[in-house]
Each structure stands twice: as structure tokens, then as C-alpha cells.
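*Asks:* full-length UniProt numbering puts the sequence shown at residues 1 to 166. Ideal Cβ positions, reconstructed from N, Cα and C, are used throughout, including at glycine.
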Amino acid sequence: AGLCPGYKHVEEFGPDEEYEDEMEEFYVTLDLGAVEPTLIPSSSTYRLIGLDTPTPFMQLSGTVLQGRHESLLGTELLFTEAKDTEHPSRRRLSFTSIAEQRIRFKEVQLRPKVTPGDEQAQPIVIDMKTQEQQERLNNSNLITSSRMTGKDSGSAPRRRRKSMKN
Numbered sequence: 001a002g003l004c005p006g007y008k009h010v011e012e013f014g015p016d017e018e019y020e021d022e023m024e025e026f027y028v029t030l031d032l033g034a035v036e037p038t039l040i041p042s043s044s045t046y047r048l049i050g051l052d053t054p055t056p057f058m059q060l061s062g063t064v065l066q067g068r069h070e071s072l073l074g075t076e077l078l079f080t081e082a083k084d085t086e087h088p089s090r091r092r093l094s095f096t097s098i099a100e101q102r103i104r105f106k107e108v109q110l111r112p113k114v115t116p117g118d119e120q121a122q123p124i125v126i127d128m129k130t131q132e133q134q135e136r137l138n139n140s141n142l143i144t145s146s147r148m149t150g151k152d153s154g155s156a157p158r159r160r161r162k163s164m165k166n
């Protein structure tokens with residue numbers, strides 16, 4: 001007799017040799033959002049902290065980013081890039097895996113939190129998005145996208161206004 005029909009109460013488990021350790025491998029893409037475009041190529045190392053927590057942190061050079069997990073609506077296909085041996089100027093894509101989750105990061109600034117009577121300061125997170133900084137990042141993203149697509153987007157996109165004719 002057990003709590004659930006079809007299940008049997010077990011007093012102890014058998015030896016460990018009867019069980020297999022199964023490793024599950026899955027990929028998660030990292031979205032760095034509006035990070036300064038020159039920061040990524042200039043950084044040779046990065047640090048991920050708390051990847052299995054709701055708010056992981058990433059340190060890229062001196063920049064600190066805070067992330068949050070998102071489930072994707074679909075599935076991302078992940079490819080690796082390799083040189084084509086027959087045509088050295090071309091690159092070949094090879095399927096690697098799929099991803100169903102993404103961690104979206106935004107830049108934050110850590111400052112010590114000091115409370116009355118607390119002798120040791122605790123770090124607090126402050127969002128770095130000021131209007132001036134956001135505009136600068138948006139403009140640099142336009143330049144980056146034109147480098148990636150090979151199309152010259154010129155300056156920032158023009159805003160269209162609806163003219164009111166009498």
C-alpha cells in the first residue's frame with residue numbers, strides 16, 4: 001500500500017552499480033543587448049556567475065551585466081563556422097545543436113549598499129540606462145549592423161511624420 005496507486009514504497013535503494021549517471025547537455029544563447037560593440041572583440045575573457053539562478057551575472061572586461069532567463073517561442077539552430085578547405089575565402093557552416101532558452105543581459109553598475117548598523121557593505125545593482133547612453137548605444141548598433149550586412153545605413157533612420165493637409 002502506498003500513497004499513489006501503481007507506486008511501491010521502497011525502504012532502501014540497491015547498490016550504486018545498478019544505476020547510471022546520465023549527463024544532459026543543452027545550449028543556452030546569451031543576448032548581450034546594447035553592449036558597447038567594441039567591448040566584445042577586445043575582451044579575451046569573461047566570467048559567468050550564477051548561471052543556474054534566476055538572475056545570472058556576466059563580467060566582460062570591467063563591465064558587469066545582469067541577465068534573466070527567457071524561454072524562446074521557437075527553437076534556435078546553432079551552427080559553428082569553419083574554413084572551407086576547397087575555397088579558402090569561403091566559410092562553411094556545420095550544425096551543432098539547438099537552443100530553447102536565452103539569457104538576456106543588460107549593463108548594470110554594482111555599488112556597495114550601506115545600511116545603518118551594518119559594518120560590511122553589500123553590493124546593490126543599479127541600471128545604467130540613461131537617455132544619453134541609450135542613444136549612443138543605438139547609434140553604435142546602427143554602425144555595427146551596417147558592417148554585418150554590408151549595407152550602408154547612413155545616419156540614424158529618418159522618422160516619418162504624417163502631414164496634416166487642409
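Taking 9 Å as the cut-off, decide whether the C-beta atoms of Thr75 and Ala99 are in contact.
*Replies:* The residue you call residue 75 lines up with position 75 of the sequence shown. The residue you call residue 99 lines up with position 99 of the sequence shown. Contact flag set, yes.
*Asks:* To the nearest angstrom, how far is it from the Cα of Leu39 to the Cα of Tyr7?
*Replies:* Start at 1 with the first residue of the sequence shown, and residue 39 comes out as number 39. Start at 1 with the first residue of the sequence shown, and residue 7 comes out as number 7. Rounded to whole angstroms, Leu39 to Tyr7 spans 55 Å at the Cα level.
*Asks:* Return no unless some Cβ of chain D is closer than 9 Å to the Cβ of Phe57.
*Replies:* The structure shown contains no chain D; it holds only a single protein chain.
*Asks:* Leu72: buried (16+ other C-beta within 10 angstroms of its C-beta) or exposed?
*Replies:* Along the sequence shown, read from residue 1 onward, the residue named residue 72 stands at position 72. Result: exposed.
*Asks:* If you measure between the beta carbons of Ile103 and Leu60, is that distance less than 9 Å?
*Replies:* Along the sequence shown, read from residue 1 onward, the residue named residue 103 stands at position 103. Along the sequence shown, read from residue 1 onward, the residue named residue 60 stands at position 60. The Cβ atoms of Ile103 and Leu60 do not sit closer than 9 Å to each other.
*Asks:* Run through DSSP, which three-state label would Thr38 get?
*Replies:* Position 38 of the sequence shown holds residue 38. Coil.
*Asks:* Going by DSSP in three states, Gly62 sits in which element: helix, strand or coil?
*Replies:* Taking the first residue of the sequence shown as 1, we reach residue 62 at position 62. Looking at Gly62 - three-state DSSP - the assignment turns out to be coil, as it is neither helix nor strand.
*Asks:* Looking at C-alpha atoms only, which residue of Glu20, Phe26, Arg68 is the closest neighbour of Thr96?
*Replies:* Looking up residue 96 in the sequence shown gives position 96. It is Phe26 whose Cα lies nearest to the Cα of Thr96.
*Asks:* What are the boundary residues of the beta strand (DSSP E) that includes Glu24?
*Replies:* The residue you call residue 24 lines up with position 24 of the sequence shown. Glu24 -> no beta strand (DSSP E), and no H or E assigned at all.
*Asks:* Which term fits Phe13, buried or exposed, when burial requires 16 or more other beta carbons within 10 angstroms of its beta carbon?
*Replies:* Within the sequence shown, numbered from 1, the residue matching residue 13 stands at position 13. Label assigned to Phe13: exposed.
*Asks:* What does a CB cutoff of less than 6 Å around Glu86 pick up in its chain, not counting 5 residues either side in sequence?
*Replies:* For the purposes of this step, residue 86 is taken as residue 86 along the sequence shown, with counting starting at 1. The answer is none, since no qualifying residue turns up.
*Asks:* Thinking just about the alpha-carbon of each residue, which of Gln66, Pro88, Arg90, Leu93 is nearest to the one in Ala109?
*Replies:* Numbered from its first residue, the sequence shown carries residue 109 at position 109. Looking at the sequence provided, one finds Gln at residue 109 rather than Ala. Among Gln66, Pro88, Arg90, Leu93, the Cα nearest to that of Gln109 belongs to Gln66.
*Asks:* Just verifying my parser: in three-state terms, what is the DSSP assignment at Gly74?
*Replies:* As a first step, residue 74 is located in the sequence shown; it is residue number 74 there, counting from the start. Looking at Gly74 - three-state DSSP - the assignment turns out to be strand.
*Asks:* Under the three-state reduction of DSSP, which class applies to Leu80: helix, strand or coil?
*Replies:* Locating residue 80 in the sequence shown gives position 80, counting from the first residue. The identity of residue 80 in the sequence shown is Thr, whereas the question assumes Leu. Here Thr80 sits in strand by DSSP.
*Asks:* Which residues in the same chain have their Cβ closer than 8 Å to the Cβ of Arg91, if we skip the five residues on either side of it in sequence?
*Replies:* One-based indexing of the sequence shown puts residue 91 at position 91. Hits under 8 Å: Glu81, Ala82, Lys83, Asp84.
*Asks:* Using 10 angstroms around the beta-carbon of Pro56, count the other beta-carbons present and answer buried if the total reaches 16, otherwise exposed.
*Replies:* Here residue 56 corresponds to residue number 56 of the sequence shown, with the count starting at 1. With 16 or more Cβ atoms within 10 Å of its Cβ, Pro56 is classed as buried.
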